[in-house]
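Chains as they are written, first to last, in numbering that gives the first Met the number 0: chain A, 0 to 308; chain B, 0 to 273; chain C, 0 to 402.
Worksheet for the structure shown next.
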Amino acid sequence: MTVTATRPDTPAPAAGKGSDRARGERRLGLYLAAPSFIVMVLVTAYPLGYAIVLSLFNYRLTDPAGRSFVGLNNYLVILTDPVWWNDFATTFAITVVTVAVELVLGFGFAFVMLRIVRGRGPVRTAILIPYGIITVVSAFIWRYAFAIDSGFVNQWLGLGDFNWFGDRWSAIFVICLSEIWKTTPFISLLLLAGLVQVPEEMQEAAKVDGATAWQRLWKITLPSMKAAIMVALLFRTLDAWRIFDNPFVMTGGANNTETISFLAYRQNVSLVNLGMGSAVSVLLFLTVVAIAWIFVKGFKTDLSQVRGD
Amino acid sequence: MKQSRWWTIAGVAIVVYSFFPLLWMISLSLKPPSDIVSGEPQFLPTSWSFENFTQVFSQLLFTRALINSIGISLIATLLSVIVAMFAAYAIARLDFPGKKVLLSLALGIAMFPQAALVGPLFNMWRNIGIYDTWIGLIIPYLTFALPLSIWTMSAFFRQIPWEMEQAAQVDGATSWQAFRKVIVPLAAPGVFTTAILTFFFCWNDFLFAISLTSTNNARTVPAALAFFQGASMFESAVPYVMAASVVVTIPVVILVLAFQRRIVAGLTAGAVKG
Amino acid sequence: MSGPPTLTWYINPDNGGQATRAQQCADASGGAYTVDIQTLPSDATQQREQLVRRLAAKDSSIDVMSLDVIYTAEFANAGFLRPYTPAETARISEGKLPAPLKTGMWKDTLYAAPSKSNAQLLWFRKSLAKAAGVDPTSPTFTWDEMIKAALGQGKKISEQGARYEGYMVWINALVLSGGGQILTDAEAGKNARPSMASRAGDKAAEIVGSLARSSAAAPDLTVAQEEQARAVFQGDDGMFMLNWPYVLAAARSAVEEGTLDQSVVDDIGYARYPRVFADRPSAPPLGGSNLAIGAYSKYPEQAAALVECATSLEKVTQYMLDEGEPSVYAASYDDPRVREAYPNADLIRDSIAEGGPRPITPFYVDVAGSVINTWHPPESVNRDTPAEADAFMADVISGRRLL
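Below, the structure written as structure tokens:
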């Protein structure tokens, strides 16, 4: 999300009117921004606070009389529970695999979009199709492709009646495939935005100096794009960490393919175990904060462009 | 030139990458249900029929879901675009305290784990009485669509030559005429693109749709897809799910085909124009 | 307000039988009400999910619902159901078999009126049983004998071993048949005591584990539900099957469609669910669904009238003939039409009357989930499994472990 345009010059205000105008501008700005601010805060901060309160109770919706205050006990239970750590591991695996593959693949796509001469339009259109398709539809498509009773994959690969969804890692593999197919376009566009801003002069100079395409890539292109790459990585990592639609449709969490978001859903909505479920929700939020923290402070991701500084 | 040929080939590979799953979806939607219980399923249908589509449209589950999806997505998009437009204008043109806070907040919302909200929202909505209603979904959609809307539109707005408005006024136009004839045509593409992106977002949502709805009143298509059954208890639901999927993919494909340039410009914040 | 109120009845899917009953009752009500039918998902777990979230949202449009027998306690305890008055209860209880009636009660109050019932029977291939020299219809036929016979003939015993409610049905039947219980003091709510570790539980574990590890287990046991079990039984390797009575009608339809040979159907015999210990009568697994009234319904009296009408002897008997779902009335099984369609009518009735329900507790989802989690896959079941299940279940119910 890089932005390059500069604001047009406004004529210097006359002395007395300057502070009035500035004040008027500030007031207008606040009024215009207020609705967005209110909506965003209200719909996330308030329910999150509510979840924090609920998480301090042992509360099942279907047993209202049994509601009792347990303090931080729910958190202790979750953090020492194998179900939580299993889901954590699954989510971690999916995140690492999809982000790694998509970074490489996304770069490939971005380069093609940059360099292609004939067929630029169709390629761009093709790239956007997975972006626009409903994730659930994509999940069904990939699931049916690998399922024993409907899919062609086993036939094409000569695998007989191998049950892709019967084992944890083969199921996660298919989930990753669907996720990668669907979201690579978005990351390739983010990378493309960074690519087009790599200054041409440095490339030309390097070419004159005899650098190969590969060397130019590693020594010039990538370093100039570092900020854009890190931002793309951050968003893609968070998206993968929050994955829900694909596992839900493909396996329903069976065979140890449940993710953390799914756990939150299952505890809150299926089991209506609101106390424990709210604790899972809060922990999910904290893991996201942790990841963002690692990226911003640890990898020094520069979010100023995104913040529009 | 040899080099450009390689890029074109790579481009073809990308097109195949995108369209192959779609072909599979269409193939499945044309298959008779008996194909699904066969011992060795194939890629192409054994016989072609549009029966799956007529069956799908005869189901209230689907037709109501379609109406819900269209209605909720359109309303949420409209509201989101309006609210974001105000904020984007302020961000692009004005200097006010809290600008950084607003943008940081938008960043935070974009990173927020939506699954963390299903429990509290479920409880809150049922207490207020908007569980399983359109408004019950529109509110979270509006919230989570705002960051993308604000970023996209403020990026577009930053590139508008605002001084043309003053130039038009100097030339004798009224403030309103200047706005209508100069600013609106310049801003319209950005607003329009933002609307498309927001619509995609709402059209796509699944998590809130299955958590905050329970009947045809408000259930949208992604949630309804998970509920599809075959025509009888022992018949596979696969062709029907795929037929329904084809139907809801058509608007997406049309929008992408028609507005590919604008969408790419929007997603790359104007860095890539054409 | 003009016109009779419209009651909404949420049914589990069938072939139109419940809709017919609804229409007949509305017509006979003399304008007191009309009925609108809404269909729930076909899976019991999904039905529960849909109903729970709507009743939790105090949905007033749920007047009558067809509720699977395992959920009465949870819904009643949550305040989702309107209890039947003593007068209604007296009328509803008349003529009903005792076991189904009990599944509609929570804390001595009737919350759900029995509408249809179900009990698993032992199905076997007569020719193979004869070749093995066993008589499954003998009153003291046990699981051990059955496994031995199947191994001797090199054939399969079909059961439901997938990771779903049907697996819980099997385990519960074994434990109950052995004289034990999965949960003791279920009415104590959170303080109910898991009690699988017992003589009955250990024997159940032995049966499940040894069958699953032997060659008498169907190859797809770990993912088999009712239909998969039936497919194996009707195939060349089938010898024994534990399943619901619908399988006989399904086999007959298959013959009509030409996908099954008549000789197979002729070879099918049926008997009571086998014993776990030779000296103790078996407790055949009990299924079925009851009709309950939503607590937020605007027309509770009309809803009660609809329920009483729809669960009358004639309607329930007709439903058994049309839909193949066993009746909850003892008298139905004496009806000549029923006896003609169901040669095993007496067996079904006795199995239901002495049927073993799954634990009646508001925490049924946690109980069943815990059992299924620890006992799956069947090959892994050993003598430690019952105690493991007990510990896990206690932790889940009291909130010390995640399910």
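Just so it is clear, CB atoms sit at the ideal spot from N, CA and C, and this is done for glycine as well.
Computed from a predicted structure; not experimentally measured.
ARG142/A carries a helical assignment under DSSP once its states are collapsed to helix, strand and coil.
One alpha carbon belongs to ASP34/B, the other to GLY150/A, and they sit about 10 angstroms apart. Pairing TYR239/B with GLN41/B gives a Cβ-Cβ distance that is not under 9 angstroms. Under DSSP, SER67/A forms a beta bridge with ASN57/A. When rounded, the separation of the alpha-carbon atoms in TRP213/A and LEU221/A is 11 angstroms. In the structure shown, the three-state DSSP call for ILE182/B is helix. Straight through space, the alpha carbons of SER35/A and VAL82/B are spaced by roughly 6 angstroms. Put simply, the backbone Cα of ALA253/C is about 23 angstroms away from that of ALA128/C.
Secondary structure note for ALA118/C: its beta strand (DSSP E) is the uninterrupted segment 111-118. In the structure shown, PRO325/C falls within a coil segment according to DSSP collapsed to helix, strand and coil. Interface with chain B (9 angstroms Cβ-Cβ cutoff): ARG53/C is included.
For ARG357/C, no CB of chain A lies under 9 angstroms from its own CB, so it is not counted at the interface with that chain. In this structure, the beta-carbon distance from LEU190/A to GLY105/A falls below 9 angstroms. The beta carbon of LYS98/B is closer than 8 angstroms to those of ALA89, ILE90 in its chain, skipping five residues each way along the sequence.
Where ALA203/C is concerned, the enclosing alpha helix (DSSP H) starts and stops at 198-212. ILE126/A and ALA264/B have their C-alpha atoms some 13 angstroms from each other.
Taking CB atoms only, PRO63/A has a neighbour in chain C less than 9 angstroms away.
With contacts defined by Cβ atoms closer than 9 angstroms, THR134/A and ASP244/A form a contacting pair. At least 9 angstroms separates the CB of GLN196/A from every CB of chain C.
Residue state for GLY268/C is assigned as strand, using DSSP reduced to three classes.
Rounded to whole angstroms, TRP155/A and TYR163/C show a C-alpha spacing of 32 angstroms. Cα atoms of ALA217/B and PRO299/C: separation of roughly 26 angstroms, rounded to the nearest angstrom. GLN227/C has a beta carbon lying at 9 angstroms or more from every beta carbon in chain B. Boundaries cannot be given for ALA223/C, as no beta strand (DSSP E) includes it and DSSP labels it neither H nor E. In the structure shown, GLN41/B adopts coil according to DSSP, grouped into three states. Annotated three-state conformation of LYS98/B is helix, per DSSP. ARG274/C counts as buried, since no fewer than 16 other beta carbons sit within 10 angstroms of its beta carbon. Within the segment 106-123 of chain A, those residues whose Cβ lies closer than 7 angstroms to any Cβ of chain B are, in chain order, PHE108, VAL111, ARG114, ILE115, VAL116, ARG117, GLY118, GLY120, PRO121, VAL122, ARG123. Out of MET24/B, GLY10/B, PHE18/B, ILE13/B, the CA that lies nearest to the CA of VAL237/B is found in MET24/B. In the structure shown, the three-state DSSP call for ASP219/C is coil. Only exposed fits THR45/B, as fewer than 16 other CB atoms lie within 10 angstroms of its CB. For GLY150/A, no CB of chain C lies under 9 angstroms from its own CB, so it is not counted at the interface with that chain.
With its beta carbon at least 9 angstroms from every one in chain B, GLY297/A lies outside the interface. Of all residues in the segment 129-146 of chain B, the ones placed with a Cβ closer than 8 angstroms to any Cβ belonging to chain C are TYR130, ASP131, in chain order. Interface residue (Cβ-Cβ distance to chain C less than 9 angstroms): TRP83/A is classified as such. Proximity of TYR49/A to chain B, defined by a Cβ-Cβ separation below 9 angstroms, is satisfied.
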